[in-house]
Amino acid sequence: EADIYQTPRYLVIGTGKKITLECSQTMGHDKMYWYQQDPGMELHLIHYSYGVNSTEKGDLSSESTVSRIRTEHFPLTLESARPSHTSQYLCASSPSGQETQYFGPGTRLLVL
Amino acid sequence: GNSVTQMEGPVTLSEEAFLTINCTYTATGYPSLFWYVQYPGEGLQLLLKATKADDKGSNKGFEATYRKETTSFHLEKGSVQVSDSAVYFCASTLGYTDKLIFGTGTRLQVFP
Numbered sequence: 011e012a013d014i015y016q017t018p019r020y021l022v023i024g025t026g027k028k029i030t031l032e033c034s035q036t037m038g039h040d041k042m043y044w045y046q047q048d049p050g051m052e053l054h055l056i057h058y059s060y061g062v063n064s065t066e067k068g069d070l071s072s073e074s075t076v077s078r079i080r081t082e083h084f085p086l087t088l089e090s091a092r093p094s095h096t097s098q099y100l101c102a103s104s105p106s107g108q109e110t111q112y113f114g115p116g117t118r119l120l121v122l
Numbered sequence: 321g322n323s324v325t326q327m328e329g330p331v332t333l334s335e336e337a338f339l340t341i342n343c344t345y346t347a348t349g350y351p352s353l354f355w356y357v358q359y360p361g362e363g364l365q366l367l368l369k370a371t372k373a374d375d376k377g378s379n380k381g382f383e384a385t386y387r388k389e390t391t392s393f394h395l396e397k398g399s400v401q402v403s404d405s406a407v408y409f410c411a412s413t414l415g416y417t418d419k420l421i422f423g424t425g426t427r428l429q430v431f432p
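Line by line, the protein sequences are chains A and B. Sequential numbering from 11 applies to the first sequence in this note's numbering. Sequential numbering from 321 applies to the second sequence in this note's numbering.
If you want it as structure tokens, here you go:
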């Protein structure tokens, strides 16, 4: 099972602030994903990466951006947070050749 | 297009009762199927999976069989415990991509 970490676990921030949600994994997985989980529990894929310098937008349009400069690190950035960004953000990773995704504990974001 | 449909919750059971959570899928090709579990305040954990028709995935007393003829992957457990209280997500691989699509989640509440 992957070791995958997300920080912070909880974040309360004011409108207009720039934030970065961190995601790191120690298993050398090539594939990484960001999901947004709304209060109704449904998960929406917002970004994914198949390796260093590879990033793609997911199925749900998001104002966030991501980068993949190192294999183990896949941060998500919001340049100007808004109350509509309030949600839980889940990061996941998966090794090449496998379909199973391993999830981090999530970051719960509240934008006031 | 591809989709995963699971029964709405909450499912409320007494301890030691039998559990079934229904999941059906529509897909092109032959997807792999998964059940994930999310405990309060945590990310998703893989519970079990099956990669081809008639495969049975099992873990911690939970089972699900990949039924191609009914396009189903129902989750079952013979005797639930209070500690099984969580949200359960059915998921399918999306076509020939490395992405997963998730059902909307089913909350299970087990009372002593």
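For glycine and all other residues, C-beta sits at the position ideal for the given N, C-alpha and C. The structure presented is a predicted model; accordingly, all values stated were derived computationally and were not measured.
The C-alpha of Y43(A) is placed about 12 Å away from the C-alpha of Q16(A). Contact between the stretch 59 to 72 of chain A and the stretch 32 to 46 of chain A is present: three or more C-beta pairs spanning the two stretches fall below 8 Å.
DSSP places M42(A) inside the beta strand (DSSP E), whose first and last residues are 41 to 47. For V22(A), the enclosing beta strand (DSSP E) begins and ends at 20 to 23.
Where A406(B) is concerned, the enclosing beta strand (DSSP E) starts and stops at 406 to 413. DSSP, read as helix, strand or coil, puts H95(A) in helix. By the C-beta density criterion, V402(B) is exposed, having fewer than 16 other C-beta atoms within 10 angstroms. The CB of L70(A) never comes closer than 9 Å to any CB in chain B; the least such distance is about 12 Å. Listed along the chain, the chain B residues whose CB falls inside 8 Å of the CB of S104(A) are D418. At least one CB atom of chain A sits nearer than 7 Å to the CB of E362(B). Going by beta carbons, G415(B) and T348(B) fall inside the 7 Å limit.
If you draw a 10 Å sphere on the C-beta of I341(B), you find 16 or more other C-beta atoms in it, and that means buried. Minimum Cα-Cα distance from G24(A) among the listed residues E82(A), P93(A), R80(A) corresponds to P93(A).
Checking the DSSP bridge columns, you'll see L122(A) has no partner listed.
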